[in-house]
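Just so it is clear: in the sequence shown, position 156 is 157 by our numbering, and no numbers are missing.
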Amino acid sequence: MWLRDEVLKSIWHAFTALDVDQSGRVSKSQLKVLSHNLCTVMKIPHDPVALEQHFKDDNEGPVSNQGYMPYLNRFILDKVRDDFDILEFNKICWTLCYRKNISTAHLLISTDDAFKVWSIFNFLSEDRYPLIIITEEIEYFLRKLMEAMGNGWNEEKFADYKLQLNMKNNCLTAWELIELVGMGHFSKGMNRQTLSMGITEVFQELILDVLKQGYMMKKGHKRKNWTERWFVLRPNSMSYYVCEDLTDKKGEIVLDRNCCVESLPDKEGKKCLFIIKCHDKSYEISASDKKKKQEWLQAIQTCIQLLRLGLPSPHREARLRRRELRQRQQVEQEELEERMKQLQTANESKQRQLEAMRKEVEEAAAKAAMEERRRMQTQTDLQDRYRLDLEREKMVRQQMEEQVAQKTSELEQYLQRVRELEDMYHRLEEALEDERQAKQDEEAMRKLQARLLEEEAAKRAELEHIHLQQQRAISQTQAEKKELEAEQLAKEKALQAAMHQLESLERERHGALEQYEEVTKKLERAANKTKTWKDKVAKHEGLVRLIQPGHKGPQRITNWGPASFTDAELEFRKKSWQERKNQGAQAQ
């Protein structure tokens, strides 16, 4: 039974802690206290006489572990029921052993967290004593812890740590595991609170069999109101509390193989509804979203399915599967080792056969070497004979080559002399050809020279004629130049007279401009005076004008309203004013 195995592990820790000198024996008085505490926690009637009767034949001193186990199985474990508090039982055993084995002062975890790691060690350790946890279970626990803390798994770091574990037989004790977690070897960068929350989550999952937990809304059975509760799902029950500290338990839904869970449509303003139907009651629950609803439905359905199949919780089932897998691997390893031994035996026999064959081959090789030496000797003799023949032939060939080289050199000298004579002949022909060409060129140059002399005489006569013409033209040009100079002097005089007239006209123009500016100023002053009088006359005439029948034509409109006179009157006034202005200007 799995419960007995786990209980025995906790009791083993307590028994080992009582063994102070590590001799494997504990005094009967200490065992009495331990047995009484165990019976109290496990709700078993304690029989103080049973221990004395069981050990009445063993009065030589302290009792060994092997001697205490029969009493433990007969008077305590055989009477155990599943309704006792396993957590309290573990805490008593923890209290007896932890102070003598470890101190949490230098660790990142508290004593309560160390107790949780100790409980997880008991759950994952092998069923052999002394208790140890192997590398695969260490990796499983650390992966769970990293996942609970939201930290990624570092495969390389654990591989390095596995190399260190090889020196410790690939296993750890409970206290080494607590120190590993407490020193933060795999949780660097995490604070104490995060590490504690991660340990608590793994403890609840593995030890308390908490498969899922979280806040949801639950409908009441009496008042039918909806209340938020903290739900905790275990393999055979689903408890709900006021909040997540699990102090105020409000109820429990007992799960069995007859229960079922179904999804409900949204109603009463609530969404993501589902119902758990038990044999006596039904519970309506509302999740926070569709994803949470699906996760809860799947987790509850898994628990009901395990109950129907009669299987333990998923973590215990997974632990059993891992152990079975390790056992199969161990069997396969043993079979592999056996096969390796067989192969080694066969290999040794093959080696012996190969050694015998090697000796035979060596003998054959020795015979072959002797034959080879004989053959080599014969071949050496033949080679010597052939070498002598080759040397003689080589000497004859060298003599022939020397004679051929001598004849070749003589032939080359003769051919060289022929080539030189042919070259000299070609050079003589080229010299004769050059001489003939030079005579022809000389004759052509003589003729050209005569023609050039004739042309030069003609040119000289022509140049003399042109020279005479140029002299006559020069004399004529000088006469024309004198006439042009006289004409230029006359023009210069006329130009100077015109310049004097232009200067006088310029002075007259400046005087006229000055007179024009004075007249303009007088006109401006007259215009200003006229404007002042015009305003006065217009004001005077506008005030004293008699009221007469208006003109039947269109009335003039100004910016200030209808005008006081018509367009014709305005035109007449303008003309009269202009005439007076002109008369005044003329008078001035």
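Positions of the beta carbon are idealized from the N, C-alpha and C atoms, including for glycine.
Return yes when the Cβ of residue j is within less than 7 angstroms of the Cβ of residue i, no when it is not.
i, j, result
"residue 122", "residue 39", "no"
"residue 271", "residue 203", "no"
"residue 85", "residue 117", "no"
"residue 283", "residue 274", "no"
"residue 125", "residue 140", "no"
"residue 231", "residue 216", "yes"
"residue 94", "residue 133", "no"
"residue 309", "residue 258", "yes"
"residue 114", "residue 200", "yes"
"residue 260", "residue 244", "no"
"residue 109", "residue 196", "yes"
"residue 277", "residue 265", "no"
"residue 247", "residue 316", "no"
"residue 241", "residue 225", "no"
Throw me the rounded Cβ distance for the residue i and residue j pair, which I believe falls under 8 angstroms.
i, j, result
"residue 176", "residue 103", "5 angstroms"
"residue 52", "residue 36", "6 angstroms"
"residue 238", "residue 255", "5 angstroms"
"residue 220", "residue 285", "4 angstroms"
"residue 6", "residue 128", "6 angstroms"
"residue 167", "residue 191", "Not really, about 27 angstroms apart at Cβ, beyond 8 angstroms."
"residue 90", "residue 11", "7 angstroms"
Please report the straight-line C-alpha distance between residue i and residue j, rounded to a whole angstrom.
i, j, result
"residue 1", "residue 78", "Residue coverage of the chain in this structure runs from 2 to 589, which leaves residue 1 outside it and unanswerable."
"residue 297", "residue 213", "8 angstroms"
"residue 233", "residue 336", "46 angstroms"
"residue 329", "residue 135", "16 angstroms"
"residue 546", "residue 514", "Caution is warranted here: a pLDDT of 47 is assigned to residue 546, below 50, making its placement in the model unreliable, and the coordinate value is therefore given only provisionally. Taking the straight line joining both Cα atoms gives about 46 angstroms."
"residue 320", "residue 80", "26 angstroms"
"residue 198", "residue 150", "7 angstroms"
"residue 314", "residue 119", "20 angstroms"
"residue 97", "residue 42", "14 angstroms"
"residue 21", "residue 143", "31 angstroms"
"residue 180", "residue 169", "15 angstroms"
"residue 367", "residue 387", "29 angstroms"
"residue 346", "residue 333", "19 angstroms"
"residue 433", "residue 424", "15 angstroms"
"residue 578", "residue 527", "13 angstroms"
"residue 360", "residue 375", "23 angstroms"
"residue 32", "residue 15", "10 angstroms"
"residue 444", "residue 469", "38 angstroms"
"residue 544", "residue 511", "Residue placement at residue 544 is flagged as unreliable, the pLDDT there being 45, under the threshold of 50; a coordinate-derived value is accordingly withheld."
"residue 2", "residue 92", "Its pLDDT being 41, under 50, residue 2 is placed unreliably in this model, and the value from its coordinates should be taken loosely. The straight-line gap from Cα to Cα measures roughly 21 angstroms."
"residue 391", "residue 412", "31 angstroms"
"residue 548", "residue 572", "Below a pLDDT of 50, predicted positions are generally treated as unreliable, and residue 548, at 49, falls in that range; the measurement from the model is reported next regardless. Approximately 20 angstroms, taken between the alpha carbons."
"residue 69", "residue 343", "44 angstroms"
"residue 397", "residue 409", "18 angstroms"
"residue 253", "residue 318", "24 angstroms"
"residue 229", "residue 303", "24 angstroms"
"residue 74", "residue 323", "27 angstroms"
"residue 486", "residue 523", "56 angstroms"
"residue 54", "residue 249", "46 angstroms"
"residue 290", "residue 174", "44 angstroms"
"residue 158", "residue 187", "8 angstroms"
"residue 205", "residue 300", "16 angstroms"
"residue 435", "residue 404", "47 angstroms"
"residue 292", "residue 218", "15 angstroms"
"residue 165", "residue 338", "25 angstroms"
"residue 8", "residue 105", "24 angstroms"
"residue 378", "residue 371", "11 angstroms"
"residue 161", "residue 184", "17 angstroms"
"residue 467", "residue 440", "40 angstroms"
What are the partner residues of residue i, as DSSP defines its beta bridges?
i, result
"residue 287", "218 and 274"
"residue 172", "135"
"residue 244", "Per DSSP, none; premise fails for residue 244."
"residue 179", "DSSP, once it has assigned bridges, lists no residue as partnering residue 179."
"residue 265", "274"
"residue 235", "238"
"residue 253", "240"
"residue 213", "234"
For chain C, find out if any of its Cβ atoms is closer than 7 angstroms to the Cβ of residue i; answer yes or no.
i, result
"residue 118", "Here there is only one protein chain, and chain C is not present."
Ordered list of alpha helix (DSSP H) runs contained in the segment 80 to 112, each at least 4 residues | Listed in chain order, the complete alpha helix (DSSP H) runs (minimum 4 residues) inside the segment 80 to 112 are 87 to 98.
At which residue ranges does the segment 125 to 165 contain complete alpha helix (DSSP H) runs of 4 or more residues, listed in the order of the chain?
-> Unbroken alpha helix (DSSP H) stretches of 4 residues or longer found wholly inside the segment 125 to 165: 136 to 149, given in chain order.
Which residue spans inside the segment 291 to 337 form an unbroken alpha helix (DSSP H) run of at least 4?
-> 291 to 310
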